[in-house]
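A.B. asks: Numbered per the numbering used here, the sequence shown spans residues 564 to 811.
Don't be surprised by glycine CBs; every beta carbon is placed ideally from N, CA and C.
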Amino acid sequence: MSWYRTGAVTVTLNSSVVIGISTEFVANCRVGDAFLGPDGGWYEVSNIASNTALSIIPNYRGPTNSPAAYAITPVQGYDKLLSDGFNSLVNQFGTKLAALGTTGNYDILPLNKGGTGGTTQADARAGLGLGSAATATVGTAAGNVMPVGAYGLGAVSAPVSASPSTVGFSVTSGGGADQTPSTGSGGSRITMNTGGLLFNEIVIAANSATSPTMGYRQFNSNGVPGPWNVVYTNQNTTRAQDGTLKAI
């Protein structure tokens with residue numbers, strides 16, 4: 564860095580103040596720089612008050628002079644500042660920087676170093692042990708991964724409607740006979756579409772813990788449900804001596 568000599572200065576015997584004339588000390592000088600006075604002596608810059616005023620130590624030893632030539636030169640103290648700054652950086656981030664030494668020498672970062680072991684998406688998935696589901700689209704189309712609620716799986720309930728709007732597993736809300744074979748009782752429901760508005764439906768009503776009603780029915784091509792067919796079991800029938808069954 565070149566020495567700074569722009570303008571001139573006023574110096575006074577036994578004074579620490581140097582007054583600049585057409586100078587720009589703020590942008591061109593630093594505390595710790597060396598000030599070469601008009602007397603040929605060297606002084607240390609101890610303060611920069613403005614573009615036209617700075618302080619030196621020791622006090623000026625030469626005769627009062629104005630305007631007088633001068634020079635300010637940077638000194639090796641800047642190396643110390645740089646060294647101190649670097650030491651602070653090492654103290655704060657040294658451990659993290661050192662850790663890069665165990666990961667920065669790989670073309671492909673392995674799993675045990677926090678990488679994926681691959682340079683492509685497919686290789687990375689393979690390295691992480693991910694199967695084909697990792698790239699599958701969530702949905703109900705062929706090849707999709709089904710979300711919760713697809714085809715009623717995991718759904719709380721299906722809409723109340725004479726013509727079912729859902730296919731799969733759902734819960735009936737009870738209500739009228741168009742929803743359950745046991746009026747007033749909800750239950751679990753399986754609905755299957757056989758094409759168009761044709762549906763088959765099975766419902767087990769929650770009307771009894773020991774003898775729940777189970778029924779099935781079909782919907783015609785217009786989506787209109789037929790009557791419930793109730794399944795008879797040993798809990799809701801009796802067998803006569805002649806072998807015939809009678810509803811309880």
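When DSSP builds the beta bridges, which residues end up paired with S733?
C.D. replies: According to DSSP, S733 bridges with R752.
A.B. asks: Near S724, what residues of its chain come up, given a Cβ to Cβ distance below 6 Å and the 5 sequence neighbours on each side ignored?
C.D. replies: Low confidence applies to S724: its pLDDT is 47, below 50, so where it sits in the model is not reliable, and the reading given next is rough at best. So the list is empty, once near-sequence residues are dropped.
A.B. asks: Helix, strand or coil for S774, going by three-state DSSP, please let me know.
C.D. replies: Of the three classes helix, strand and coil, the one that applies to S774 here is coil, per DSSP.
A.B. asks: Where does N577 sit, in a helix, a strand or coil, going by DSSP?
C.D. replies: If DSSP states are grouped into helix, strand and coil, N577 belongs with coil.
A.B. asks: Just to confirm my understanding: we take S726, look at its own chain, exclude 5 residues before and 5 after, and list those with CB closer than 8 Å. What are they?
C.D. replies: With a pLDDT of only 48 at S726, under the threshold of 50, the placement of this residue in the model should not be trusted; the figure read from the coordinates follows. Excluding sequence neighbours, S726 sits near L760, F762, F782, G786, V787 and P788.
A.B. asks: Put P722 into one of helix, strand or coil per three-state DSSP.
C.D. replies: With a pLDDT of only 44 at P722, under 50, the local geometry of the prediction cannot be trusted, and the value read off the model is given with reservation. P722: coil per DSSP, three-state reduction.
A.B. asks: Do you know whose CA, among T658, G603, S613 and N610, lies nearest A632's CA?
C.D. replies: Closest option to A632, Cα to Cα, is G603.
A.B. asks: Should F598 and A571 be called a contact, given that it needs their Cβ atoms to be closer than 9 Å?
C.D. replies: Cβ atoms of F598 and A571: not closer than 9 Å.
A.B. asks: Is I584 near T615, with beta carbons less than 9 Å apart?
C.D. replies: A contact, by the Cβ cut-off of 9 Å.
A.B. asks: By Cβ distance, which residues of its chain are closer than 6 Å to N591, with the 5 residues on each side in sequence left out?
C.D. replies: Closer than 6 Å at the Cβ level, and outside the excluded window around N591, lie Y567.
A.B. asks: Along the beta strand (DSSP E) that carries R802, what are the first and last residues, could you check?
C.D. replies: T800 to R802 is the extent of the beta strand (DSSP E) around R802.
A.B. asks: Measuring only the C-alpha atoms, how far is T796 from G690?
C.D. replies: When rounded, the distance between both Cα atoms is 55 Å.
A.B. asks: Could you please give me the residues that DSSP links to Q781 through a beta bridge?
C.D. replies: The partner list for Q781 (beta bridge, DSSP) reads N763.
A.B. asks: So, with DSSP's three-state summary, where would you put S629?
C.D. replies: Strand.
A.B. asks: Per DSSP, what are the beta-bridge partners of L660 in this structure?
C.D. replies: Bridge partners of L660: none, in fact.
A.B. asks: Can you round the beta-carbon distance between T700 and G731 to whole angstroms, since I take them to be within the 8 Å contact cut?
C.D. replies: Not confirmed; about 19 Å, so no contact.
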